[in-house]
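The opening position of the sequence shown corresponds to residue 188 in our numbering, with each subsequent residue numbered one higher.
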Amino acid sequence: MSGYDYPVALALEDYVPVLLTGAGLALLVPYARRFGTAPVVALGAVLATAGGLSKATWKLVVALDGPDLHWLNSALFPLLCTAFLLLLYAFHRPRDARRRAALTAGLAVLFALGQGACVAVGDTWPAMALMIVAVSVLTVRFVMLARAAGDVPAVVLFSLWQIGQYLLGPMAARADQSVTLQWVEQSCNTVAQGAFAVATWRLAHAPGAPISASTPASTREVPAA
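The following block contains the structure:
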């Protein structure tokens with residue numbers, strides 16, 4: 188038995204944003220072939236989905252009066268952090284070999300520092316903080332790609348996804364985690380991840396070649412709307 192009190196309906200709903208995120212990331216796998224990074228995106232999608240499923244499963248077990256499998260809950264942010272660092276690499280990967288090596292090394296150092304900090308402090312908040320930074324930078328990249336494709340709705344949806352991530356942090360940090368507050372949190376998360384799924388669907392179906400992170404702005408082509 189655990190000291191948590193989650194309604195089963197609340198626990199089951201927690202799977203919805205996880206599945207929406209997984210679907211959105213899966214849509215980016217074929218799109219990433221334009222960058223030559225589809226395998227990296229696929230790995231990131233698997234890790235992000237695994238992290239979300241881990242947390243949702245922990246909540247469901249607790250709601251069913253099962254044991255507190257804390258390792259399932261603790262796996263969320265380390266897995267999400269790793270996933271979004273991989274996605275950051277996949278969509279910012281420069282064509283120049285030296286810049287690509289520098290980006291790889293830099294992200295590897297950030298990964299090591301983030302995971303090491305989690306071990307040092309005995310908590311996963313360092314991974315959460317690094318994940319938020321990675322998601323913020325990644326959102327800017329997605330917005331750039333959507334704008335290049337002339338897809339204003341996708342720009343708005345990616346922005347909504349990012350706003351949702353920023354709103355979730357303060358709510359989750361509140362000491363009084365009432366059932367009502369958790370419904371608000373999960374509803375916010377569902378809307379945000381739904382926006383992400385629709386935005387990635389639109390981006391995946393956008394015409395034209397991708398913008399390389401190292402391509403000068405003057406040589407970039409903006410696909411017709």
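Here a beta-carbon is modelled for each residue, glycine too, at the ideal position from N, C-alpha and C.
* Given a threshold of 16 other Cβ atoms within 10 Å of its Cβ, counted over all protein chains shown, does Ser374 qualify as buried or as exposed? -> With fewer than 16 other Cβ atoms within 10 Å, it is exposed.
* To do: Apply the 10 Å Cβ neighbour rule to Thr241 and answer buried if 16 or more other Cβ atoms are within range, or exposed otherwise.
  => For clarity, residue 241 is Ser in the given sequence; the question names Thr instead. Label assigned to Ser241: buried.
* To do: State the Cα-Cα distance for the pair Gln349 and Met315, rounded to the nearest angstrom.
  => Between Gln349 and Met315, the C-alpha separation is close to 14 Å.
* Asked: Using the rule of at least 16 other Cβ atoms within 10 Å of the residue's Cβ for burial, across every protein chain shown, is Leu266 buried or exposed?
  -> Result: buried.
* For Ser365 and Met318, the rounded distance between their alpha carbons -> Roughly 25 Å separates the two Cα atoms.
* Between which two residues does the alpha helix (DSSP H) carrying His279 extend? -> Element bounds for His279: Leu263 to His279.
* For Leu300, name the three-state secondary structure that DSSP assigns. => Leu300 falls in the helix class under three-state DSSP.
* Three-state secondary structure assigned by DSSP to Arg361 -> Coil, per DSSP.
* Taking Cβ positions, are Gln380 and Leu272 nearer each other than 9 Å? -> Not a contact, by the Cβ cut-off of 9 Å.
* Cβ-based burial, Arg282 [other Cβ within 10 Å; buried from 16] -> Looking at its Cβ environment, which holds fewer than 16 other Cβ atoms inside 10 Å, Arg282 is exposed.
* The alpha helix (DSSP H) with Thr367 in it runs from where to where? -> For Thr367, the enclosing alpha helix (DSSP H) stretches over residues Val366 to Ala391.
* To do: Can you give me the start and stop residues for the alpha helix (DSSP H) that Gly209 sits inside?
  => For Gly209, the enclosing alpha helix (DSSP H) covers residues Tyr202 to Tyr218.
* To do: Starting from Ala237, trace the alpha helix (DSSP H) both ways and give me its first and last residue.
  => Its alpha helix (DSSP H) spans residues Ala225 to Ala250.
* To do: Have a look at Gly337 and Val227 and give me their C-alpha separation to the nearest angstrom.
  => Each residue's alpha carbon lies about 26 Å from the other.
* To do: Please look up how many angstroms separate the CB atoms of Thr269 and Phe222, rounded, as I've assumed it's under 8 Å.
  => About 19 Å separates the beta carbons of Thr269 and Phe222, which is beyond the 8 Å limit, so they are not a contact pair.
* Asked: Under the criterion of a Cβ to heavy atom distance below 8 Å, does Trp312 qualify as lining the ligand COA?
  -> This structure simply doesn't include the ligand COA, nor any ligand for that matter.
* **Phe222 - containing alpha helix (DSSP H), residue span** => Note, Phe222: premise wrong, no alpha helix (DSSP H); not H, not E.
* **Straight-line Cα distance separating Leu230 from Ala292** => Rounded to whole angstroms, the gap between the alpha carbons of Ala292 and Leu230 is 18 Å.
* To do: Using the Cα positions of Val371 and Cys305, report the straight-line distance between them to the nearest angstrom.
  => Taking the straight line joining both Cα atoms gives about 28 Å.
* **Chain-order list of residues whose beta-carbon lies under 6 Å from that of Ala386 (same chain, five-residue window excluded)** => The answer, listed in chain order, is Ala341, Leu344 and Phe345.
* Backbone secondary structure at Tyr353 - three-state DSSP -> Of the three classes helix, strand and coil, the one that applies to Tyr353 here is helix, per DSSP.
* Skipping 5 residues on each side, what residues in its chain have a beta carbon closer than 8 Å to that of Leu259? -> Cβ within range, chain order: Ser241, Lys242, Thr244, Trp245 and Val248.
* Rounded to whole angstroms, how far is the Cβ of Pro194 from the Cβ of Ala250, which I believe are closer than 8 Å? -> Their Cβ separation, rounded to whole angstroms, is 6 Å, which keeps Pro194 and Ala250 in contact under 8 Å.
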